[in-house]
Amino acid sequence: MYAAMAVVSACWGRDRAGPEGRGRIIDINLVDSVMSLMEGMLPEYGLTGKIRQPAGAAIPTAAPTNTYPCADGKWLCVAGNSDLIFRRLMGAIGRPELAADPRMADNAGRCANAAELDAAIAAWTRTLPAKDAQDALEAVDVPCSRLYDIRDIAEDPHFRARDSVMTVQDPLIGPVLHPAAPFRFDGVAPRDMVRWTGPAAGAHNARVFGEWLGEEAEA
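Quick note, the sequence shown lines up with residues 0 to 218 if you use numbering that gives the first Met the number 0.
Right, here's the structure in full:
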């Protein structure tokens with residue numbers, strides 16, 4: 000993703016400069032790319048010296064925000080950390096007294112009591128399948144999302160309608176599920192971009208060794 004952004008930026012800069020424009024050498028690596036996803040960990044360390052440690056799915060500075068187990072063995076991610084959303088969430092899970100509790104009046108108080116809130120939410124989610132819990136919270140505008148397993152992905156009607164999940168014919172094992180290309184072009188169907196699963200190992204040996212490298216094939 001960052002490589003693509005860099006290429007587009009370099010081309011834009013070249014074209015914007017007119018006749019004097021020139022290309023750029025792009026330097027990109029995985030370490031810098033991943034570091035950009037670390038939220039505020041680096042400035043936080045620089046300002047306070049705090050070194051974050053593994054915290055699971057929770058966010059130390061926002062509560063309640065976590066993933067919760069459901070009755071069908073799946074998990075539901077719930078983000079109810081704003082004051083208004085928190086009150087709606089507590090009403091939905093049948094715990095309005097927590098919404099009225101002065102300790103939970105703001106995010107700082109809820110962070111201090113996050114374990115209690117997580118226990119209350121989990122007690123509710125454990126009584127419902129993940130889809131039912133998600134529907135109940137979405138009905139009152141509480142941000143939430145099921146954690147998909149691969150079956151959920153394969154059967155999701157949105158993914159299927161967009162051909163994000165498609166069936167491709169493999170020459171060795173027959174029809175297999177296959178993801179679409181991560182990008183699309185207008186006028187080109189996703190299925191036309193992924194027409195096969197790739198060549199067998201060694202399928203191009205003769206071309207590589209014979210035509211490109213000039214070596215004779217072994218008898």
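Cβ atoms here follow ideal geometry from the backbone N, Cα and C, with glycine treated the same way.
Check                                                                                                            : Outcome
For A5 and W11, the rounded distance between their alpha carbons                                                 : 10 angstroms
8 angstroms contact criterion, which A179 and P189 should meet: CB distance rounded                              : 4 angstroms
Reduced DSSP secondary structure (H/G/I, E/B, other) of L171                                                     : coil
Burial state of K73 (16 or more Cβ within 10 Å)                                                                  : buried
Touching by the beta-carbon criterion (3+ pairs, under 8 angstroms), the segment 100-111 and the segment 120-129 : no
Extent of the continuous beta strand (DSSP E) to which V77 belongs                                               : W74 to A78
Environment of A202 [buried if 16+ CB atoms lie within 10 Å]                                                     : exposed
Which listed residue (T64, S8 and F182) has its alpha carbon closest to that of R21                              : S8
Cβ contact check for the segment 43-50 and the segment 81-92: 3 or more pairs under 8 angstroms                  : no
Bounding residues of the beta strand (DSSP E) (the contiguous stretch that carries Y44)                          : Not the beta strand (DSSP E): Y44 falls in the alpha helix (DSSP H), residues M40 to T47.
Residue range of the unbroken alpha helix (DSSP H) whose run includes T196                                       : Looking at the DSSP string, T196 is not in any alpha helix (DSSP H), and its letter there is neither H nor E.
Local Cβ density within 10 Å of A56, reported as buried at 16 or more and exposed below that                     : exposed
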